[in-house]
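Chains V and Z are the protein sequences, given in the same order.
Residues 1 to 111, numbered by my numbering, are exactly what the first sequence covers, in order.
Residues 112 to 222, numbered by my numbering, are exactly what the second sequence covers, in order.
C-beta atoms are modelled at their ideal positions from N, C-alpha and C, and glycine is treated no differently.
Everything on this sheet refers to the single structure shown next.
Protein chains: 2
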Amino acid sequence: MNPDALRGHMDALLLAVLEREPLHGYAIIEALQERSGGALSVPTGTVYPALRRLERIGHLSSEWATVGGRKRRTYRLTDSGRRQLEGERSAWREFASVIGGVLRPEAPPSG
Amino acid sequence: MNPDALRGHMDALLLAVLEREPLHGYAIIEALQERSGGALSVPTGTVYPALRRLERIGHLSSEWATVGGRKRRTYRLTDSGRRQLEGERSAWREFASVIGGVLRPEAPPSG
DNA sequence: GCCTACATATAGACACTCTACATATAGACG
DNA sequence: CGTCTATATGTAGAGTGTCTATATGTAGGC
């Protein structure tokens, strides 16, 4: 998967995996990998800054927890984040439709 | 259309509009706008450097022409460009399938 | 002690799109 | 003649966000 292709879609992916339940960063990376059938291997250097950014702009909130001696920062969607996710979904449908439409090979004129 | 979303897909779009016939930069911009139903307004500062890059790596070739007193640089796909376009198409299908799959809202468990 | 898995984080490299600007011809309009 | 719009190409520099590489630390297997 070409890294640049992810640009501008990372937020949507992160919000989507947090839709059902709050998760911490490491678990989010695993969830993305699982839900993509192994196609998405997003490095920590991408995910952690992105989560902080999403929190800063109000789409996520976070809290620390300690589980099995390890510290986790668990993120959850805010109301704003849920609305944003809906926006990301419709933006994705539009985007996929536009790009797909331009890329679709046209049947050569029969005449 | 969020500019960042185009990242990594520009090459595919440019190769696709050049598949049927050679075009010059300005015409490529118009073709993208037309074929996307007006959704894609790609600025010249994006298209011209991208075309030069694609030529540099061998996917396009170009030649100058003068039409109606105006100079045009007309680009056409090379064999390498055609192969690249096929690669871009399958990469897009994969990408759209993966992102779409992760974004798709899951039905909540019925139990 | 060493290795792997778990867990978070930052600095800087990198690549590409975008904004803004520069240049130039043709033709319409007054 | 001057101005405006459409046509046509191009570059410099800003901006942004992903990636690579690195740092830190715990837990558990061998």
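Looking at Q144(Z), P114(Z), E132(Z) and R118(Z), the one whose alpha-carbon comes closest to that of T189(Z) is E132(Z).
Along the stretch 38 to 56 of chain V, the positions whose C-beta sits under 8 Å from a C-beta of chain Z are A39 and L40, read in chain order. Residue burial is scored here from C-beta neighbours: G179(Z) has fewer than 16 other C-beta atoms within 10 angstroms and is therefore classed as exposed. The alpha-carbon separation between W203(Z) and E141(Z) amounts to approximately 22 Å.
Minimum Cα-Cα distance from L125(Z) among the listed residues I210(Z), V158(Z), F206(Z) and E197(Z) corresponds to V158(Z). Shortest Cα-Cα distance from G45(V) to any of W64(V), A12(V), Q33(V) and G25(V) involves G25(V).
R35(V) and E19(V) have their C-alpha atoms some 13 Å from each other. About 6 Å separates the Cβ atoms of Y186(Z) and L162(Z), confirming a contact at the 8 Å cut-off. Among the CB atoms of chain V, one or more fall inside 7 Å of the CB of R118(Z). Nearest C-alpha to M112(Z) among G148(Z), D122(Z), I139(Z) and A127(Z): G148(Z). In the DSSP assignment, T177(Z) falls outside any alpha helix (DSSP H) and within the unbroken beta strand (DSSP E) covering L171 to V178. The three-state reading of DSSP puts R7(V) in coil, since its state is none of H, G, I, E or B. In this structure A5(V) is in contact with G119(Z), their Cβ atoms being roughly 4 Å apart against a cut-off of 8 Å. Residue burial is scored here from C-beta neighbours: A176(Z) has fewer than 16 other C-beta atoms within 10 angstroms and is therefore classed as exposed. Along the stretch 119 to 150 of chain Z, the positions whose C-beta sits under 8 Å from a C-beta of chain V are G119, H120, A123, L124, A127, V128, E130, R131, L143, R146, S147, G148 and A150, read in chain order.
For R167(Z), the enclosing alpha helix (DSSP H) starts and ends at T155 to R167.
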